[in-house]
Amino acid sequence: MTDPNAPTTDSSTEESQTDATVRRADGEFVRGVSRFRSHLGEDPDFAPEPHRYHLYVALNCPWCHRVTLARNQLGLEQTITMDVAFPSRTNDDDPVAANLWEFNPGRIATLTGTALPECTAETATGKGYRLVNQIYQAEGSGETSVPILYDKKTKRIVCNESAEIIRMLNKQAGALGSSLSERDRPELYPLGADKSQLRAEIDALNEQIYVNINNGAYKAGFSSSQKVYAAAFANYFQTLDALETRLAWDNRKFLAGPIFTEADLRLFPTLYRHDPVYYLRMKLNGARILDYRHLWRWLCRVYALPGVAASTSLVHCRQGYFGRSGNTVIPLGPVYPMPYPEAYGHPELAAAPCPQQSTLKS
Ligand SMILES: N[C@@H](CCC(=O)N[C@@H](CS)C(=O)NCC(=O)O)C(=O)O
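Those letters in the sequence shown? Residues 467 to 828, by the working numbering.
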């Protein structure tokens, strides 16, 4: 029975919600749909202005990572403020509820035994909320997710869909007060009339990468059905194989050719987390990215771009993905051939030819 109210979804951005309840009951992880979908500049309530907008993120969240990458690469760090939630959600003994994002800069991370310097209080509503869901409740919404793009002027949520937030930041970077000149700023999603073919290539890559890699990792790691896991595992590594072949084709620097685009930005958060987190936590132990020569060099090339290394934290990723699972002891590897994230500074590590054709059948 198809849910007539299921919103139409863009499969490069979100999951089909068709029969979501049944699929979840069958052990499939099905991601919900973000409901705040206004657009800076297009929506008259939200004119693009410097120092007006704010981001709420968690640094372990790969969707937030898209947004922190765009903020840094577009030179918007000075004109869009940002609050960082603690990487582990609230515990079972929380006075309000478990499993909620919280702003708690003094909270101790089990991984380091210290507070995490990147974590902040909530600073944009003027209310100093402890929980992200209080920001939603203020607008009568029961949503709980990050990232959130927030308007400090009207005290309203603009958008909580990362795919659309990065598009807006790219399109409105100048009006939002970017510190980079138009010439020095990457054009993540080229808007020129003569760039329609490139946009189509980026859109096609986005869909393949969202379904099989970005969300595919969760489908593998969070599903409790062996069948769903096995299919997600196969799709994930067959897509890595295809991307490896694409990069090897003509030794291109980036997925769509010589320039860095939104397709690279959307692939990076998942591959950055693969070897030190997803290999174990999402049971994606078919291979390391280190085993893919061209993908490894692409990962190191993107990591070396301005603003990329500072856009996330592996300590937050490890704390967030492992700190609440199993007995909360957090695995510290891999350390061979080199610890992470230091290894991302060494494209030469992936010397050996890679295992191209995965033998997996979806
Ligand atoms: N489609 C959204 C997905 C955002 C999302 O699912 N974020 C996760 C964190 S990784 C979240 O906050 N989930 C709900 C929750 O944990 O309360 C986007 O790309 O922005």
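A virtual CB, placed ideally from N, CA and C, is assigned to each residue, including glycine.
For ligand 1, is there a heavy atom less than 7 Å away from the beta-carbon of V443?
-> Not covered by the structure: residue 443. The range shown for the chain is 467 to 828.
Could you give the distance in angstroms between the alpha-carbon of V694 and the alpha-carbon of P656?
-> As a first step, residue 694 is located in the sequence shown; it is residue number 228 there, counting from the start. As a first step, residue 656 is located in the sequence shown; it is residue number 190 there, counting from the start. Going by the C-alpha atoms only, they are around 36 Å apart.
Going by the C-beta, is S460 closer than 7 Å to any heavy atom of ligand 1?
-> Shown here, the chain extends from 467 to 828; a query on residue 460 therefore has no answer.
Considering only residues of the same chain and omitting the five flanking positions on each side of E673, which have a CB-CB separation below 7 Å?
-> Residue mapping note: residue 673 aligns to position 207 of the sequence shown, counting from 1. Correct list, in chain order: S477, S478.
Flag this pair as yes or no: are the beta carbons of Y744 and A683 separated by less than 8 Å?
-> Here residue 744 corresponds to residue number 278 of the sequence shown, with the count starting at 1. Here residue 683 corresponds to residue number 217 of the sequence shown, with the count starting at 1. Yes. Within cutoff.
Let me know the secondary structure DSSP gives D511 once reduced to three states.
-> As a working mapping, residue 511 is identified with position 45 in the sequence shown. In the structure shown, D511 sits in coil (DSSP, three-state: anything other than H, G, I, E or B).
Roughly how many whole angstroms lie between the Cα atoms of V499 and L746?
-> Your numbering for residue 499 matches position 33 in the sequence shown. Your numbering for residue 746 matches position 280 in the sequence shown. A direct Cα-to-Cα measurement between V499 and L746 gives close to 27 Å.
Validate contact between the stretch 700 to 709 and the stretch 604 to 621 using beta carbons, cut 8 Å, 3 pairs | Cβ pair count under 8 Å is below three, so no.
Within 10 angstroms of the Cβ of N751, are there 16 or more other Cβ atoms? Answer buried if so, exposed if not.
-> Stepping through the sequence shown from its first residue, residue 751 is reached at position 285. A residue is called buried when at least 16 other Cβ atoms come within 10 angstroms of its Cβ; N751 does not meet this threshold and is exposed.
Mind checking E494: buried by the 16 CB within 10 Å criterion, or exposed?
-> Mapped onto the sequence shown, residue 494 falls at position 28. E494 is buried by the Cβ-count criterion.
Among all the DSSP beta bridges, which residues are the ones paired with E568?
-> The residue labelled residue 568 in the question sits at position 102 within the sequence shown. Within the DSSP secondary-structure output, E568 pairs in a beta bridge with L597.
Taking DSSP as the reference, what is the three-state secondary structure of M548?
-> One-based indexing of the sequence shown puts residue 548 at position 82. In this structure, M548 counts as strand in the three-state DSSP scheme.
Do L525 and V774 have their C-beta atoms within less than 8 Å of each other?
-> Walking along the sequence shown from the start, residue 525 turns up at place 59. Walking along the sequence shown from the start, residue 774 turns up at place 308. It is not a contact, given that the beta carbons lie outside the stated cut-off.
According to the neighbour-count rule (16 or more other Cβ atoms, all chains shown, within 10 Å of its Cβ), is E808 buried or exposed?
-> In the sequence shown, the residue the question calls residue 808 occupies position 342. Here E808 is exposed, its C-beta having fewer than 16 other C-beta atoms within 10 Å.
Given G572 as reference, the closest of E588, D558, A564 once Cα atoms are compared | Residue numbering aside, residue 572 sits at position 106 when the sequence shown is read from its first letter. Considering only alpha carbons, the answer is E588.
For D558, the nearest candidate out of F552, N538, L566 (CA to CA) | The residue labelled residue 558 in the question sits at position 92 within the sequence shown. The shortest C-alpha separation from D558 is found at L566.
Comparing the CB of E480 with every heavy atom of ligand 1, is any distance shorter than 7 Å?
-> Locating residue 480 in the sequence shown gives position 14, counting from the first residue. At least one heavy atom of ligand 1 sits closer than 7 Å to the Cβ of E480.
Contiguous alpha helix (DSSP H) assignments of at least 4 residues, all confined to the stretch 676 to 764 | The stretch 676 to 764 contains these whole alpha helix (DSSP H) runs: 682 to 688, 692 to 715, 728 to 739.
Given 8 Å, three or more beta-carbon pairs between the stretch 511 to 524 and the stretch 711 to 719 = Counting C-beta pairs with one atom in each stretch, the stretch 511 to 524 and the stretch 711 to 719 have fewer than three that are closer than 8 Å, which means they do not touch.
Sort A776, D549, R651 by Cα distance to E568 and report the nearest one.
-> Taking the sequence shown and counting its residues from 1, the one referred to as residue 568 is at position 102. Of A776, D549, R651, the residue nearest in Cα terms is D549.
Report the rounded CA-to-CA distance for Q483 versus C527, giving the unit in angstroms.
-> Here the question's residue 483 lines up with position 17 in the sequence shown. Here the question's residue 527 lines up with position 61 in the sequence shown. Cα to Cα, Q483 sits roughly 22 Å from C527.
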